[in-house]
Amino acid sequence: MKKIALLCFAVLGFISTNAQLEWAPVGAKYYYAFCDESLGCDVEIAEVTGDTIIAGKNCKRFSNTFVLGAYCYGMEFTYEEDGRVYFYNYEAQDFSMLYDFNKGPGESWVMPICSTLCGEPDSIVVLVDSISITEINGVQVRTQHVSWEYPWDWGTPFRTGSIIYEGIGNFHIMYFASRHPCGALINSFVVSFNCYESPTHGIFNFRGEVPCNQFSPTPTEGPTLLTPQLKLSPNPVSDELELRFTPQLSGRVQVRVFDARGRVVVDVQKELAGASLPMQATDWPAGLYILHCMKNGKVLGAKKFVKQ
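Reading the sequence shown from the start, the letters are residues 66 to 373 in our numbering.
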């Protein structure tokens, strides 16, 4: 009898530590550190404020979503069904897939991008590289290690790595909090996902001792950490743009520069020698640009700059 009782306690313990987190319960909060050219740097809180019915689906409504243009709404309404999360796509006037927690290594799903800012309607392929279990607040959470692939028209698809926590979402970029449908996907604005506050499981602090509502310029530590830090100067630039890395890097890097319409202006590979890497910008038209730097297929940094 004693053995049976011990077995029951063991089973109950296993169930409790492997409990699945409910997707976006009312009252849940997501804390993000972000930087914006006009607003500066701060912490934004996206909160699940309630439920609503859309096309027969019981959706969770998120606050602090960003509206851009006539159709590019933030992912304000989402619902979960059979381990898949869908968001209401204002442009398509239908639901599109955001996460598929069921996918395993080698599998993928497709997520559309709003075309108002990004140009032609397009999509992102989410590729699952591996699966692990992460223990957070005593809860074992299934974790997908993924690559985002952007199949745009300028040749080789651009990829960057990330993590998706089942029941929580994408660490460290949550799309309903994005301020730029294209740029935020490559970390142009969101610095880190600080905390997830669950009404049932407490606060999951991804920054350790740093308070959830305190801004810190250091990206969240984890597999998606964009290190070394990339710095551009001067910004705005007239003639020569200088790339600097902290700590100092060596080896071959790929540099891509995109204009405000997503067109490639520069796509070169350069050998790092010394503390900085110069790039001539004299012939570039005035305007806003985004620079991506990669090494061995991994993103080192993505920065915005202005050409005078």
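Backbone N, C-alpha and C fix where the C-beta goes; we use that ideal spot for every residue, glycine too.
Original post:
What three-state label does DSSP hand arginine 207 in the structure shown?
Top reply: strand
Original post:
Which partner residues does aspartate 324 have in the DSSP bridge list?
Top reply: Tyr354
Original post:
How many angstroms separate the CA atom of lysine 372 from the CA atom of valine 333?
Top reply: 19 Å
Original post:
Under 8 Å, do lysine 368 and leucine 297 count as touching if we go by C-beta distance?
Top reply: yes
Original post:
If alanine 93 sits next to threonine 143, beta carbons under 8 Å apart, how far is it from one beta carbon to the other, in whole angstroms?
Top reply: Going by Cβ atoms, the distance from alanine 93 to threonine 143 rounds to 11 Å, so no, they are not a contact pair.
Subject >> Within 8 Å, strictly: CB atoms of tyrosine 354 and valine 318 >> reply: no
Original post:
histidine 245: buried (16+ other C-beta within 10 angstroms of its C-beta) or exposed?
Top reply: Unreliable placement is indicated for histidine 245, whose pLDDT of 43 sits below 50; no coordinate value is reported for it.
Original post:
So what's phenylalanine 29 in DSSP terms, helix, strand or just coil?
Top reply: Any answer about residue 29 is impossible in this case: the structure gives the chain only from 66 up to 373.
Subject >> With 16 other Cβ atoms within 10 Å as the buried cut-off, status of serine 303 >> reply: exposed
Subject >> Beta bridge counterpart(s) of phenylalanine 160 as assigned by DSSP >> reply: Tyr153
Subject >> Whole-angstrom C-beta distance between glutamate 231 and tyrosine 207, which should lie under 8 Å >> reply: The amino acid occupying residue 207 in the given sequence is arginine; tyrosine does not appear at that position. Correct: roughly 4 Å between the Cβ atoms.
**OP:** Could you check the C-alpha separation between glutamate 262 and isoleucine 268 for me, to the nearest Å?
**Re:** 4 Å
Subject >> CA-to-CA distance, isoleucine 189 to serine 195, given in whole angstroms >> reply: 18 Å
Subject >> Helix, strand or coil at serine 341 [DSSP, three-state] >> reply: strand
**OP:** Classify glycine 306 as helix, strand or coil using the three-state DSSP reduction.
**Re:** In the sequence under discussion, the amino acid at residue 306 is leucine, which differs from the glycine named in the question. If DSSP states are grouped into helix, strand and coil, leucine 306 belongs with the strands.
Subject >> N-terminal and C-terminal residue of the beta strand (DSSP E) that glutamate 172 is part of >> reply: No beta strand (DSSP E) holds glutamate 172; DSSP gives it neither H nor E.
Original post:
What are the start and end residues of the beta strand (DSSP E) that includes phenylalanine 127?
Top reply: 122–127
Subject >> Inter-residue spacing [alpha-carbon to alpha-carbon] between glycine 316 and isoleucine 228 >> reply: 27 Å
Subject >> Secondary structure of threonine 265, DSSP reduced to three states >> reply: coil
Subject >> Range of the contiguous beta strand (DSSP E) that encloses glutamate 231 >> reply: Per DSSP, glutamate 231 belongs to no beta strand (DSSP E) and is neither H nor E.
**OP:** Evaluate cysteine 260 with the Cβ neighbour count: other Cβ atoms within 10 Å of its Cβ, from every protein chain shown; 16 or more gives buried, anything less gives exposed.
**Re:** buried
Subject >> Helix, strand or coil at cysteine 106 according to DSSP, with G and I counted as helix >> reply: strand
**OP:** Might you give, ordered along the chain, the residues of its own chain that have their beta carbon closer than 6 Å to the beta carbon of glutamate 286, omitting 5 neighbours on each side?
**Re:** Model confidence at glutamate 286 stands at a pLDDT of 45, short of 50, so the residue's coordinates are unreliable; what they give is reported in the following sentence. Once the five neighbours on either side are set aside, glutamate 286 has no close Cβ partner at all.
Original post:
To which residues does DSSP link valine 190 through a beta bridge?
Top reply: Val175, Glu214
**OP:** Kindly identify the DSSP beta-bridge partner or partners of phenylalanine 35.
**Re:** Given a span of 66 to 373 for the chain in the structure shown, any question on residue 35 remains unanswerable.
Subject >> Enclosing beta strand (DSSP E) for threonine 143 [first to last residue] >> reply: 142–146
Original post:
Under a three-way DSSP split, which group does arginine 317 fall into?
Top reply: strand
Original post:
Quick one: is arginine 328 buried, meaning 16 or more other Cβ sit within 10 Å of its Cβ, or exposed?
Top reply: exposed
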